Amino acid sequence: MSLSDLLERPGLKVGTYIGEFATPGIGGILASAGCEFAFVDMEHSGFGFETAGQVLRNVQGAGLATFLRVPSDARHHVQRAADIGAEGVILPMVGSAEQARAAVAALKYPPEGERGVILGVAHDDYQPQPIAEAFAAANRKTCLVPLIETAEGVENCDAICAEPGVDAIWIGHLDLSSSLGIPGAFESSRFTEAVTQIMHSAKTHGVAVGQLVNSADDGAACYRQGSDLICYSGDVWLLRQALADGLAGIRAKLT
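One point on numbering: in the working numbering, the residue at position 236 of the sequence shown is 663, and numbering is uninterrupted.
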């Protein structure tokens, strides 16, 4: 399912984070586990664009929607992400509507943006087609997903959500708590009030909200609060936890 189709579907959408394992089987593994999307990370991983492109193809080939977090809001990062086939480009540290607008311009072909043109490559599945049709298909396929993870982003969230081309936002909870001066204090009223403000802006403008969670309880709580894109943990953490639990279980049975 494409990301645009997934975002149009009401209700819960679930996936996971990929920042470590660029294995050819990753898409099939995620699909067999019940994921509907993958959050592929370039900001906090060692993935370059070549590796990220391979992961995107593997995941999309398994029928999952894709997000790609780019290293920065630089125009060439946004455009290259779209060219290698990212459907949702997650933009870090978005603090203003102007920043989001510039990224949309880099992401969309005319008349919606100013993206440099290359056709017949990964983003259009290597298929030749008339230019007008290719532009329209690419513009429908791609969406910008600003990361709201600073106090400035919260303050300007309403304007960010109102920008054409922004179909979803993502709450970066760790960076947001740090920006608010309360690192990791997710129960603090400063943090919960910021999240409430974000949710209100998203709901007002019909924009989906994503969050990364570490437990089923947290995922259910975030969904009830207004997030419909729930990213459950990530490759490195899931492997570590499953392995730690299994080894501890063996040792416990032998003592």
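By construction, the Cβ of each residue, glycine as well, lies at the ideal position given by its N, Cα and C atoms. Remember, predicted model here, so these are calculated numbers, not experimental data.
Please state if the CB of residue j and the CB of residue i are separated by a distance shorter than 9 Å.
i, j, result
"GLY661", "PHE466", "yes"
"ALA549", "GLY512", "yes"
"HIS632", "CYS588", "yes"
"GLY608", "GLY522", "no"
"LEU656", "GLY454", "no"
"VAL634", "ASP602", "no"
"LEU534", "VAL516", "yes"
"PRO519", "GLY599", "yes"
"SER606", "GLU576", "yes"
"ALA561", "TYR536", "yes"
"ILE445", "VAL486", "yes"
"VAL622", "PHE448", "no"
"ASP585", "SER654", "no"
"LEU433", "PHE474", "no"
"LEU683", "TYR650", "Residue 683 is absent from the structure shown; the chain starts at 428 and stops at 682."
"GLY547", "PRO555", "yes"
"ALA529", "ASN583", "no"
Pick out whichever of the options has its Cα sitting closest to the Cα of residue i.
i, options, result
"ILE625", "ILE596, LEU670, ALA648 and ASN641", "ILE596"
"VAL572", "GLY540, LYS630 and VAL531", "VAL531"
"VAL497", "GLY653, ASN485, GLY540 and GLU514", "GLU514"
"ALA509", "ARG567, ASN485, ALA489 and GLU463", "ARG567"
"ALA489", "VAL663, GLY461, LYS630 and ALA647", "GLY461"
"GLU614", "PHE474, ARG484 and ASP645", "ASP645"
"PRO437", "LEU670, LYS680, GLY673 and LYS630", "LYS630"
"PHE618", "ARG542, ALA578, GLY473 and PRO557", "ALA578"
"GLU435", "ASN583, LEU457 and VAL636", "VAL636"
"ARG690", "ALA559, ARG507 and GLN668", "The requested residue 690 is not part of the displayed model; the chain covers only 428 to 682."
"GLY540", "LEU574, GLY592, ASP551 and ALA559", "GLY592"
"ASP468", "GLY673, CYS658 and LYS680", "CYS658"
"GLU470", "LEU574, ASP672 and LEU670", "LEU574"
Going by DSSP, which residues form a beta bridge with residue i?
i, result
"VAL467", "ILE445 and LEU495"
"ALA635", "ALA595"
"TYR659", "VAL640"
"LEU518", "PRO573"
"LYS568", "DSSP, once it has assigned bridges, lists no residue as partnering LYS568."
"LYS680", "Answer is none; LYS680 lacks a bridge partner."
"LYS440", "LEU656"
Go ahead and label residue i buried or exposed: buried means 16 or more other beta carbons lie within 10 angstroms of its beta carbon, across all protein chains shown.
i, result
"PRO538", "exposed"
"ILE677", "exposed"
"HIS503", "exposed"
"LEU666", "exposed"
"GLU590", "buried"
"TYR553", "exposed"
"MET428", "exposed"
"GLU620", "exposed"
"VAL544", "exposed"
"ALA683", "Lying before the first or after the last residue shown, residue 683 is absent from the chain, which here runs from 428 to 682."
"SER499", "exposed"
"SER472", "buried"
"LEU670", "exposed"
"LEU674", "exposed"
9 Å is my cut-off, CB to CB: does residue i come that close to chain B?
i, result
"LEU457", "As a matter of chain content, chain B is missing from the structure shown, which is built from one protein chain."
Decide if the stretch 638 to 649 is in contact with the stretch 468 to 482; the criterion is three or more beta carbon pairs, one per stretch, under 8 Å apart. no
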